[in-house]
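Heads up, the thing below is written out as structure tokens.
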Amino acid sequence: MTTQDAPNASTENPAAGHTDRSWNAMKRATIMMVDDEPITLEIIQMFLEDAGYTHFVLVSDSREAMETVERERPDIILLDLLMPHVSGFEILEQLRAHERFQHLPVVVLTSSSDAPTKLKALEMGATDFLAKPVDESELVLRVRNTLAAKAYQDRLTYIDVLTGLPNRRMLIDRLDWAMKHAQRYQQTGALLQIDIDRFREIKEALGPSRADELLQGVAKRLDDACRDSDLLATLSETEASAGLARWGGDEFTLLLLGHLNAGSIARVARRLLLATAEPLVIEKQEIFIAISIGIATFPEDGADIDSVQHSAAIAVRALQTTQSNPHGAFQFYSKELNARTSSRLNMEAELRRALDRNELVLYYQPKYTVDTGSLVGAECLLRWQHPERGQVSPLEFISVAEETGLIMEIGQRVIDEACRQHSAWQRQGLTPGQLAVNVSVQQFRHGAFVDGVRGALTRYGVEARHLKLELTESLLMTEPQKIASMLDKLRTLGVQLSVDDFGTGYSSLSYLSALPIDELKIDRSFLTHVETRPESAAIVRAILALAGSLNMSVVAEGVETKGQLAFLKEHRCDAFQGFLFSRPVPADAFAQMISTSPANR
Numbered sequence: 001m002t003t004q005d006a007p008n009a010s011t012e013n014p015a016a017g018h019t020d021r022s023w024n025a026m027k028r029a030t031i032m033m034v035d036d037e038p039i040t041l042e043i044i045q046m047f048l049e050d051a052g053y054t055h056f057v058l059v060s061d062s063r064e065a066m067e068t069v070e071r072e073r074p075d076i077i078l079l080d081l082l083m084p085h086v087s088g089f090e091i092l093e094q095l096r097a098h099e100r101f102q103h104l105p106v107v108v109l110t111s112s113s114d115a116p117t118k119l120k121a122l123e124m125g126a127t128d129f130l131a132k133p134v135d136e137s138e139l140v141l142r143v144r145n146t147l148a149a150k151a152y153q154d155r156l157t158y159i160d161v162l163t164g165l166p167n168r169r170m171l172i173d174r175l176d177w178a179m180k181h182a183q184r185y186q187q188t189g190a191l192l193q194i195d196i197d198r199f200r201e202i203k204e205a206l207g208p209s210r211a212d213e214l215l216q217g218v219a220k221r222l223d224d225a226c227r228d229s230d231l232l233a234t235l236s237e238t239e240a241s242a243g244l245a246r247w248g249g250d251e252f253t254l255l256l257l258g259h260l261n262a263g264s265i266a267r268v269a270r271r272l273l274l275a276t277a278e279p280l281v282i283e284k285q286e287i288f289i290a291i292s293i294g295i296a297t298f299p300e301d302g303a304d305i306d307s308v309q310h311s312a313a314i315a316v317r318a319l320q321t322t323q324s325n326p327h328g329a330f331q332f333y334s335k336e337l338n339a340r341t342s343s344r345l346n347m348e349a350e351l352r353r354a355l356d357r358n359e360l361v362l363y364y365q366p367k368y369t370v371d372t373g374s375l376v377g378a379e380c381l382l383r384w385q386h387p388e389r390g391q392v393s394p395l396e397f398i399s400v401a402e403e404t405g406l407i408m409e410i411g412q413r414v415i416d417e418a419c420r421q422h423s424a425w426q427r428q429g430l431t432p433g434q435l436a437v438n439v440s441v442q443q444f445r446h447g448a449f450v451d452g453v454r455g456a457l458t459r460y461g462v463e464a465r466h467l468k469l470e471l472t473e474s475l476l477m478t479e480p481q482k483i484a485s486m487l488d489k490l491r492t493l494g495v496q497l498s499v500d501d502f503g504t505g506y507s508s509l510s511y512l513s514a515l516p517i518d519e520l521k522i523d524r525s526f527l528t529h530v531e532t533r534p535e536s537a538a539i540v541r542a543i544l545a546l547a548g549s550l551n552m553s554v555v556a557e558g559v560e561t562k563g564q565l566a567f568l569k570e571h572r573c574d575a576f577q578g579f580l581f582s583r584p585v586p587a588d589a590f591a592q593m594i595s596t597s598p599a600n601r
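At position 202 of the sequence shown (counting the first as 1) the number is 202 in the working numbering, and the numbers step up by one without a gap.
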């Protein structure tokens with residue numbers, strides 16, 4: 001008996017002719033023969049070996065037939081009808097009742113030539129007939145034609161049209177087989193989930209057809225890496241096999257099976273990272289991508305298909321929720337990751353309830369002029385008033401909101417509330433100045449963002465000049481043309497625009513000068529050491545000089561000492577915010593500050 005390395009699906013289209021490639025694929029098919037006569041099995045195998053076939057499974061005891069089919073997953077069965085213990089009819093009936101094998105090709109071998117026997121076999125789902133004694137030429141032709149038809153059907157069923165890789169259905173089938181094989185032979189398997197980082201953004205930039213071309217390029221890179229001699233050598237050291245598939249969208253999977261260890265799996269993962277490190281060229285444009293690889297092993301990380309897939313997904317998700325790695329990375333699943341994922345799921349559920357219960361509120365970080373200390377506005381900061389945990393920091397929930405897409409609703413609510421509160425204060429005769437709102441990357445890229453800002457201003461009757469939107473430096477450097485267009489639309493509304501945490505990113509100064517930016521905010525990390533470290537002081541002076549030359553105002557964040565304020569005053573910074581004068585305060589406390597400021601006396 002010869003066993004195959006994994007479930008086999010020949011995928012060549014017979015309509016293209018029996019090319020060398022399609023013939024080679026069919027030669028690798030696993031042919032299972034069930035007959036109680038050993039001499040018949042030997043003769044059939046000899047005939048087929050002469051024709052070039054190499055994988056055979058021989059069963060002389062029909063009671064073992066179904067168990068062997070489950071284990072070996074053949075591509076075709078040559079089945080005798082008249083056998084002791086379990087007849088070919090009974091085996092055929094069991095096959096057609098089995099979801100996995102109901103369409104498996106079965107060529108019936110029979111010495112009976114009567115019509116009722118053949119008709120019964122056909123009614124039960126037989127694919128073809130061979131009369132005993134078997135004619136060699138007829139045997140080879142019927143097996144070839146049956147496998148060619150199966151290959152075409154398998155291609156329609158199990159192959160991804162875009163990339164030509166096995167699809168999700170084939171992967172699940174292979175994984176099911178691999179897990180049983182690993183358990184039976186005390187081997188280790190690994191499922192590597194491979195995701196393209198930021199693919200949604202890339203697709204938006206490229207368009208659907210060019211994004212498909214990118215996926216095809218990535219698939220080829222990964223497939224070539226899996227066939228690469230270095231990787232195969234790595235696997236052969238552990239007697240392992242590999243199978244790449246497209247799970248769907250921008251997700252690929254690699255299934256490994258053998259005597260694996262963490263080191264051999266990691267070497268494969270690094271090989272995949274290396275394969276995708278160089279840019280892909282799409283219509284003469286270089287596209288740089290990074291991939292994240294989540295790794296789950298079995299049986300250690302899961303005893304069934306769902307749990308192994310879930311573990312791999314948790315591992316890759318853990319990578320994607322941390323800081324982006326421009327060169328890609330891989331992560332093994334662990335119980336700690338699972339606990340973290342469960343915690344984030346709970347956080348998401350609580351956050352959704354918080355939105356329904358209006359538990360998210362705005363605090364206001366007062367902003368003052370450097371020269372006179374006059375109150376000129378505030379930065380709106382989101383706080384979560386949890387009924388049991390008290391005030392929850394945005395550091396705990398904003399990342400969850402961004403992952404789940406809740407940031408879109410939360411961000412719009414913040415803009416709405418800032419406009420509503422500004423309008424309310426004005427109706428009370430107060431002059432709150434300008435309110436600044438932080439904008440997430442997801443918000444800003446959304447097509448309805450500008451309309452959302454316009455709607456909030458209109459609903460509450462707030463002049464656009466009283467609203468300032470704070471954008472991160474890194475956001476401005478992604479998709480420059482699209483960002484510039486959005487900024488122009490916001491400028492047309494009359495909204496002020498600020499670059500938050502300036503100096504921590506990698507802005508192109510020439511590009512920055514071309515954008516309609518009104519303000520730069522110096523990151524607090526530079527202010528912390530401005531009195532003691534010459535390099536920090538030099539950076540702050542440089543930012544102030546840059547802003548002055550570009551006719552932008554400057555706000556310093558995190559001012560906590562009089563020495564820091566004196567430095568800013570000496571170098572003519574425009575405004576500041578920080579604990580030196582005030583921490584973020586709720587709306588009623590900020591209203592009290594407004595009422596006592598010179599502008600309201």
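Where is the CB? At the ideal position from N, CA and C, for every residue including glycine. All values reported here derive from a predicted model rather than from experimental measurement.
Assuming Q564 contacts V530 under a Cβ cut-off of 8 Å, what Cβ separation, rounded to an integer in Å, is found between them?
-> By one-based count along the sequence shown, residue 564 stands at place 564. By one-based count along the sequence shown, residue 530 stands at place 530. Indeed they touch by this definition, with Cβ atoms about 6 Å apart.
Please classify E237: does DSSP put it in a helix, a strand, or coil?
-> Here residue 237 refers to the residue found at position 237 of the sequence shown. Because E237 carries a pLDDT of 46, less than 50, the predicted location of this residue cannot be relied on, and no value is offered for it.
Can the beta-carbon of H518 be found closer than 8 Å to that of S536?
-> Residue mapping note: residue 518 aligns to position 518 of the sequence shown, counting from 1. Residue mapping note: residue 536 aligns to position 536 of the sequence shown, counting from 1. The question names His, but residue 518 in the sequence shown is Asp. The answer is no: Cβ separation not under 8 Å.
Return the Cβ separation of Q442 and M408 in integer angstroms, given the expectation that the two are a contact with Cβ distance under 8 Å.
-> For this step, residue 442 is matched to residue 442 along the sequence shown. For this step, residue 408 is matched to residue 408 along the sequence shown. Contact flag correct, Cβ pair sits at about 6 Å.
For P105, collect the residues of the same chain with a Cβ closer than 6 Å to its Cβ; drop the 5 residues on either side in sequence, then sort them by chain order.
-> Walking along the sequence shown from the start, residue 105 turns up at place 105. Cβ contact annotation for P105 (same chain, cutoff 6 Å, sequence separation greater than five): I76, T127, T146 and K150, in chain order.
Between the beta-carbon of L274 and the beta-carbon of S292, is there less than 8 Å?
-> Here residue 274 refers to the residue found at position 274 when the sequence shown is read from its first residue. Here residue 292 refers to the residue found at position 292 when the sequence shown is read from its first residue. In this structure, S292 does not lie closer than 8 Å to L274 by Cβ.
Should the segment 204–211 be called in touch with the segment 261–273, which here means at least 3 C-beta pairs below 8 Å?
-> With a cut-off of 8 Å, the segment 261–273 and the segment 204–211 do not count as touching, because too few Cβ pairs lie within range.
Secondary structure at H310, three-state DSSP: helix, strand or coil?
-> Locating residue 310 in the sequence shown gives position 310, where the first residue counts as 1. Under the three-state reduction of DSSP output, H310 falls in the helix class.
Close Cβ partners of A51 (< 6 Å) along its chain, the five nearest in sequence each way excluded | For the purposes of this step, residue 51 is taken as the residue at position 51 of the sequence shown. Annotation for A51: V140 place their beta carbon closer than 6 Å to its own, counting only its chain and skipping 5 residues before and after.
What is the rounded straight-line gap between the Cα of F288 and the Cα of L280?
-> Locating residue 288 in the sequence shown gives position 288, counting from the first residue. Locating residue 280 in the sequence shown gives position 280, counting from the first residue. Rounded to whole angstroms, F288 to L280 spans 7 Å at the Cα level.
M32 and V57 closer than 8 Å at C-beta | For the purposes of this step, residue 32 is taken as the residue at position 32 of the sequence shown. For the purposes of this step, residue 57 is taken as the residue at position 57 of the sequence shown. Result yes, Cβ atoms of M32 and V57 sit closer than 8 Å.
Measure the C-alpha to C-alpha separation of R200 and S62 and round it to an integer number of angstroms.
-> Numbered from its first residue, the sequence shown carries residue 200 at position 200. Numbered from its first residue, the sequence shown carries residue 62 at position 62. The straight-line gap from Cα to Cα measures roughly 53 Å.
Identity of the residue in I194, F581, Q481 and L351 nearest L222 by Cα | Sequence index remark: in the sequence shown, residue 222 carries index 222 (1-based). Distance check between L222 and each of I194, F581, Q481 and L351 places I194 closest, using alpha-carbon atoms only.
Would you call the segment 560–576 and the segment 353–361 in contact, with 3 or more CB pairs under 8 Å?
-> Not touching, per the Cβ criterion.
Select from M179, S553, L119 and G88 the residue whose C-alpha is nearest the C-alpha of A303.
-> By 1-based counting over the sequence shown, the position of residue 303 is 303. The shortest Cα separation from A303 among M179, S553, L119 and G88 belongs to M179.
DSSP beta-bridge partners of L122 | Taking the first residue of the sequence shown as position 1, residue 122 is located at position 122. Beta-bridge analysis with DSSP links L122 to no other residue.
Distance, V218 Cα to S582 Cα | Locating residue 582 in the sequence shown gives position 582, where the first residue counts as 1. Locating residue 218 in the sequence shown gives position 218, where the first residue counts as 1. S582 and V218 have their C-alpha atoms some 52 Å from each other.
Neighbour-count burial assignment, V69, 16 or more Cβ in a 10 Å radius = On the sequence shown, position 69 is the one that residue 69 refers to. Under this definition V69 is a buried residue.
To which residues does DSSP link G248 through a beta bridge?
-> Against the sequence shown, residue 248 aligns to sequence position 248. According to DSSP, G248 bridges with E251.
Among L580, E99 and I91, which has the Cα closest to the Cα of P366?
-> The count along the sequence shown starts at 1 and reaches residue 366 at position 366. Out of L580, E99 and I91, L580 has the C-alpha closest to the C-alpha of P366.
Can you list, in chain order, the residues of its chain whose CB lies under 6 Å from that of Y460, leaving out five sequence neighbours each side?
-> Translated into positions along the sequence shown, residue 460 becomes position 460. Around Y460: C419, R420 and S423.
According to DSSP, residues forming a beta bridge with Q385 = As a first step, residue 385 is located in the sequence shown; it is residue number 385 there, counting from the start. According to DSSP, which records beta bridges pairwise, Q385 is partnered with Q391.
If you compare alpha carbons, which of R73, D135, A349 and N261 is closest to M170?
-> To locate residue 170, count along the sequence shown from 1; it is residue 170. Comparing Cα-Cα distances from M170 to each of R73, D135, A349 and N261, the minimum goes to R73.
Sorted by chain position, which residues of the same chain lie with C-beta nearer than 8 Å to H85's C-beta, five sequence neighbours on each side aside?
-> By one-based count along the sequence shown, residue 85 stands at place 85. Once the five neighbours on either side are set aside, the close Cβ partners of H85 are D61, S62 and R63.
Rounded to whole angstroms, what's the CA-CA distance from V585 to R198? Just pull it up for me.
-> The sequence position of residue 585 within the sequence shown is 585, counting from 1. The sequence position of residue 198 within the sequence shown is 198, counting from 1. Between V585 and R198, the C-alpha separation is close to 36 Å.
Between the segment 429–438 and the segment 373–390, do at least 3 Cβ pairs fall closer than 8 Å?
-> The segment 429–438 and the segment 373–390 touch, with no fewer than 3 CB-CB distances between them shorter than 8 Å.
Measure the Cβ-Cβ separation of L215 and L255 and say whether it is below 8 Å.
-> Start at 1 with the first residue of the sequence shown, and residue 215 comes out as number 215. Start at 1 with the first residue of the sequence shown, and residue 255 comes out as number 255. Going by beta carbons, L215 and L255 fall outside the 8 Å limit.
Do L130 and R144 come within 8 Å of each other at the CB atom, strictly closer than that value?
-> Here residue 144 corresponds to residue number 144 of the sequence shown, with the count starting at 1. Here residue 130 corresponds to residue number 130 of the sequence shown, with the count starting at 1. Their beta carbons are not under 8 Å apart, which means R144 does not touch L130 by this criterion.
Does the count of Cβ pairs from the segment 153–168 and the segment 107–120 closer than 8 Å reach three?
-> Short answer: they don't touch.
What residues match up with E470 in a beta bridge as DSSP calls it?
-> Residue numbering aside, residue 470 sits at position 470 when the sequence shown is read from its first letter. BP columns for E470 point to N438 and S498.
Minimum C-alpha distance to W384 - residue among L362, A97 and K521 = Here the question's residue 384 lines up with position 384 in the sequence shown. Ranked by Cα distance from W384, the options L362, A97 and K521 are led by L362.
Buried or exposed: R227, going by 16 or more other Cβ atoms within 10 Å of its Cβ?
-> Numbered from its first residue, the sequence shown carries residue 227 at position 227. By the neighbour-count rule (16 or more Cβ atoms within 10 Å), R227 is not buried but exposed.
Taking the alpha helix (DSSP H) that D135 falls in, what are its first and last residues?
-> The sequence position of residue 135 within the sequence shown is 135, counting from 1. Element bounds for D135: n/a, residue is neither H nor E.
Could you please give me the residues that DSSP links to F56 through a beta bridge?
-> Position 56 of the sequence shown, counting from 1, holds the residue named residue 56. Note: F56 sits in a beta bridge opposite I31.
How many Å lie between S229 and I295 at the Cα?
-> Position 229 of the sequence shown, counting from 1, holds the residue named residue 229. Position 295 of the sequence shown, counting from 1, holds the residue named residue 295. Residue placement at S229 is flagged as unreliable, the pLDDT there being 47, under the threshold of 50; the coordinate-derived value follows with that caveat. S229 and I295: Cα-Cα distance of roughly 22 Å.
Have a look at E90 and H103 and give me their C-alpha separation to the nearest angstrom.
-> To locate residue 90, count along the sequence shown from 1; it is residue 90. To locate residue 103, count along the sequence shown from 1; it is residue 103. Their backbone Cα atoms lie some 16 Å apart in a straight line.
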